[in-house]
Amino acid sequence: MLYREAGQFKSTYAEDMQIFPIRQDRIGVILLLAVAFLVVPFVATQYWFSALLIPFLVLSLATLGLNILTGYAGQISLGTAAFMAVGAFMAYNAELRIPGMPLLGSFIIGGLCAAAVGVVFGLPSLRIKGFYLAVATLACQFFVLWAINRVGWFTNYSSSGVISAQKMVILGYTFDTPASKYVLTLSIVVVLALLAKNLMRSETGRAFMAVRDMDVAAEVIGIPMMKTKLLAFAISSFYCGVAGALYAYCYLGTVEPEAFVLDLSFRVLFMVIIGGVGSIMGSFVGAAFITLLPIFLNLATEVIANTFDIEISHAVVSNAELMIFGGLIIFFLIVEPNGLARLWQIAKEKLRLWPFPH
Amino acid sequence: MSIALHQHPRAHPIGEVLLAVENVSLSFGGVKALSDISFDVREHEIRAIIGPNGAGKSSMLNVLNGVYHPQKGTIRLRGKSFSDMVSHEAAAMGIARTFQNIALFKGMTVLDNILTGRNLKMRSNFLQQALWWGPARREELAHRHAVEEVIDFLEIQHIRKTPVGRLPYGLQKRVELARALAAEPTILLLDEPMAGMNLEEKQDMCRFVLDVNDHYGTTIVLIEHDMGVVMDISDRVVVLDYGRKIGDGTPDDVRANQAVIDAYLGVTH
Amino acid sequence: MTFFIEVLAGGLLAGVMYSLVALGFVLIYKASGVFNFAQGAMVFLAALTFVSLLEMGWNFWLALLVTLVVMVGVGVLTERIVLRPLVNQPPITLFMATIGLTFVLEGLSQMVWGSQPHGLELGIADVPMEWLSEKWNINISKFDLFAAAVAGVLVASLAVFFQKTRIGRALRAVADDHQAALAVGISLQHIWAIVWAVAGFVALVAGMMWGVRNGVQYALTFTALKALPVLILGGFESVPGAIIGGLIIGASEKVAEVYLGPYVGGGIESWFAYVIALVFLLVRPQGLFGEKIIDRV
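Okay, here's the thing in structure tokens:
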């Protein structure tokens, strides 16, 4: 009864094509943003910011990036972490080498460089499909990390390879507290998510989905395959690149190749699948789930150890975590292969009818 | 019957040759699909390609819009020849089509599917679209308008927000026609538009094909198995058999053609 | 020149080791269309189980048998718990499930057997053959030749299994067309369980070979990453492709490492194989043994 569109008549196409056509959705999003911007910064603890909220937001952005490529344009990629690494290192170098470079400018340069790398490694997608392409994107993952490790310029010839990120200053304000880093990350993520939402509901998004659903038909309609696929790689990599820069600056505080290993690519892919392929909101839900899972598992083992008064060795815990993590992924795929976003959609459909069954 | 349907004067009388197929041959690794086919299509006419199974009808259609590339021969559109175009270039030249096995974008709504048909007409770049601002927004609205006209024309208003995967077969065929029409094509290629339909759906589809021709003046090339339908709605018919042309003319000519009768009755060659 | 031959031979023999892992992928992909990312974890599990049993003082053959039983069990359970509920899901979903399976198997192996590395001895020393070194000045390890022989025997016995036995015929039928195989009364579940068990056996062989070479440790799971370029080169569905692809990748990787590596700072083996496979695919998208696909519309 509460959530229904009945009575909300649209009399123009403009009204019908709003970003959130249903009033309750609009109110919900505004409330959520208000809480995230105005309440959370004042109530959350340091731990919440640095261990939960910031990684959640950053990984949401990376997931969103991969979702544009995999979920919307249908091209599987296992190279997400590489694009993130390009973003992080190029943002670092832009900040380091270009005098007077504003921080956001560096982030954008990081994103653009990632986009360029994305286009290069997207070229094989014009000839090969499916798993062959997925494996080909692994080439990107290994090559980029190798290059960053080998070419001293990227790390500014640091001997350890681990560099601390520069201070983040925008218009004279230094973002050094966890809360301020959270607000910065949140702002960037919200803006980019809105842009992505707009893009996916216009011509570009439809072209992506057309290529995903049936490429021969898309080409016959006049959608140029090369431009569309490469644009998908570019936009997706841009998002991953910015996410990589945020990962280094706002979450880790360091810029290091070790942060961007294949494991991260897989984690982001999981977030896409569990959240929902081809859903902007799903990207956030998936990222939240995978970020919270290990923390939740840790808590659970602590509780178990305390209640039964047994010593659980660290190795057992980490192996059990690995197994539960894998098991849950399989479980999710079996129960809801379309991801949590689909569950949300079903819930919405039910809510619309509630309290009646049909 | 064909006379009866076109009794009233046509809004768009049949004009000059629009599309000419000249000596086209196509083979797949030694298997000849088409050999030395020539025929033409005149402006505003409804042209049918018929023939038994495996005659090369679909291959012919695929050649017309650049999905397959013939090894020999040329295709002329308004006198301009091209032999090696890719399908999105064909689309840019005003050739739209539907497929035998529906090729809709399953994950998208009816509205979005039809909007993809207008993709070629969109001019705003992705940055403007991301901002949903100025030209991009105006353009989306204008194209929505145009698409709604097609939706009204084909009477599918009630399903515009339904994902196409959930629609019954007959409606999917209609949505596919809508997507092709949204591109405002000069030439519309229809690959078995009535295949697998019941009588009522066939009648609807016939009506739509004739209406499209009448209302928009679109030149239509169609492949169809149902002889009754073909003879009723088309102006001229090409008959293929084993990749060769064995007949070409008005429905009445073709009906009287001995080679065509033999091909359909299975006289051995 | 002798140095080049030595490098080339070393590369070819290393390629055989890649092929061993790639074979496991191909078997499963052919029969069930699943890109089994967990193959590397299966190699790890097999090698770790085997070596741990040996270290507990078990007889070689008994350890081998028990490990085989474990691998067959893993295969059957995977079919039952993971694959069966996911029938008819898109390939990407199945692929994701096998990544999940990778985590489960890695966690399981280390939980049961611990995570410390083990050495493995099969009685064949991993040292250059003396007569070759003396006569031609070429250093080729005896163990490499042994591994190549094992791979040969493995492929031959798989070929016999596929061509001559009733189960083999059923397997090929399933690989060709799931629906048609079902229609003639072949039980898909049965066949998948068998294929996973065979893949488990192949993983055991690969694990033993790699275990002798590099020790049995967590890094064994990365052998999967080594096998992937072999797969895109040789094709996911081709057993000969896995062998030839492995040889090509092994040889070119080694040659490049020796002759090209010094100019770019070394360490190129992490990505060079992928680049070879990619360049090859761009020229010939259907892979080494695939047929050209004509898109029908």
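Protein chains in written order, with my numbering: chain S, 5 to 362; chain Y, 2 to 270; chain C, 50 to 346. In this text, a Cβ means the ideal position worked out from N, Cα and C, and glycines have one as well. Note that the coordinates shown come from a computational prediction; the quantities given were computed from them, not determined experimentally.
Per DSSP, the continuous beta strand (DSSP E) segment holding Y:Ser39 begins and ends at 32-43. Within chain S, the residues placing a beta-carbon under 9 Å from that of Y:Lys107 are Asp217, Met218, ordered along the chain. In summary, Y:Pro252 is buried, with 16 or more beta-carbon neighbours lying within 10 Å of its beta-carbon over all protein chains present. Listed along the chain, the chain C residues whose CB falls inside 7 Å of the CB of S:Pro106 amount to none; the nearest CB is some 34 Å away. Contact annotation for S:Ile72 against chain C: no contact, minimum CB-CB distance about 16 Å [criterion: below 7 Å]. Contact between Y:Ala56 and Y:Tyr243 holds, with the beta-carbon distance rounding to 7 Å and staying under 8 Å. Counting only runs of 4+ residues, the alpha helix (DSSP H) found wholly inside the region 172-257 of chain S occupies 182-204, 207-217, 219-225, 229-250, in chain order.
In the three-state reduction of the DSSP assignment, Y:Phe29 falls in the strand class. The beta carbons of C:Gly283 and S:Arg154 sit no closer together than 8 Å.
Per DSSP, the continuous beta strand (DSSP E) segment holding Y:Phe83 begins and ends at 81-83.
At a cut-off of 8 Å between beta carbons, S:Pro341 makes no contact with chain Y. Y:Phe40 and Y:Leu62 have their C-alpha atoms some 13 Å from each other.
Nearest to Y:Met228 by C-alpha distance, out of Y:Ile221, Y:Asp85, Y:Val238, is Y:Val238. The continuous beta strand (DSSP E) containing Y:Ala49 extends over residues 47-51. By the Cβ-count criterion, S:Tyr177 is exposed, with fewer than 16 other Cβ atoms from all chains shown falling within 10 Å of its own Cβ. Contact check for S:Tyr96 and S:Ala169: beta-carbon distance about 7 Å, within the 8 Å limit, so the pair qualifies.
S:Leu100 has a beta carbon lying at 8 Å or more from every beta carbon in chain C. Segment contact: the region 196-208 of chain S against the region 125-132 of chain Y, three or more CB-CB distances shorter than 8 Å; contact assigned. With a 10 Å radius around the Cβ and a threshold of 16 neighbouring Cβ atoms, S:Ile350 comes out exposed. Here S:Gln145 is not near S:Leu63, since their CB atoms are 8 Å or more apart. Put simply, the backbone Cα of C:Leu135 is about 11 Å away from that of S:Phe336.
Ranking S:Gly91, S:Gln12, S:Met275, S:Ile26 by CA distance to the CA of S:Tyr253 puts S:Gly91 first.
Using a Cβ-Cβ distance cut-off of 8 Å, the region 175-187 of chain Y and the region 87-99 of chain Y are in contact, since at least three pairs of beta carbons, one from each stretch, lie closer than that value.
Check the Cα spacing between S:Tyr255 and each of S:Leu190, S:Pro341, S:Ile72: the tightest is with S:Leu190. Judged by their CB atoms, C:Val75 and C:Glu286 are nearer to each other than the 8 Å cut-off. For Y:Val222, no alpha helix (DSSP H) run applies; the uninterrupted beta strand (DSSP E) run containing it begins and ends at 220-224, by DSSP. Residue nearest to S:Leu70 within the set S:Asn310, S:Gly280, S:Gly114 is S:Gly280 (criterion: CA-CA distance).
Sequence-distant Cβ neighbours of C:Leu231 in its own chain, meaning closer than 8 Å and more than five residues away, are Leu237. If you look at Y:Arg145, you'll find it in the alpha helix (DSSP H) that goes 136-154. Within the same chain, Cβ atoms closer than 7 Å to the Cβ of Y:Asn66 are found at Ser88, Ala91, Ile96, Arg98, Leu190, the five residues on either side in sequence being excluded. Beyond the five residues adjoining it in sequence on each side, S:Met105 comes within less than 6 Å, by CB distance, of Ala98, Glu99 in the same chain, given in chain order. Taking 8 Å as the threshold, the shortest C-beta distance from S:Leu65 to chain Y does not fall below it. Within chain C, not a single residue places a beta-carbon under 9 Å from that of S:Met213; the smallest gap is close to 15 Å.
Taking 8 Å as the threshold, the shortest C-beta distance from S:Met21 to chain Y falls below it. Ranked by Cα distance from Y:Ser36, the first of Y:Ile47, Y:Thr110, Y:Glu44, Y:Glu23 is Y:Glu23. From the beta-carbon of S:Thr208, the residues of chain Y found nearer than 7 Å are Phe127, Gln130.
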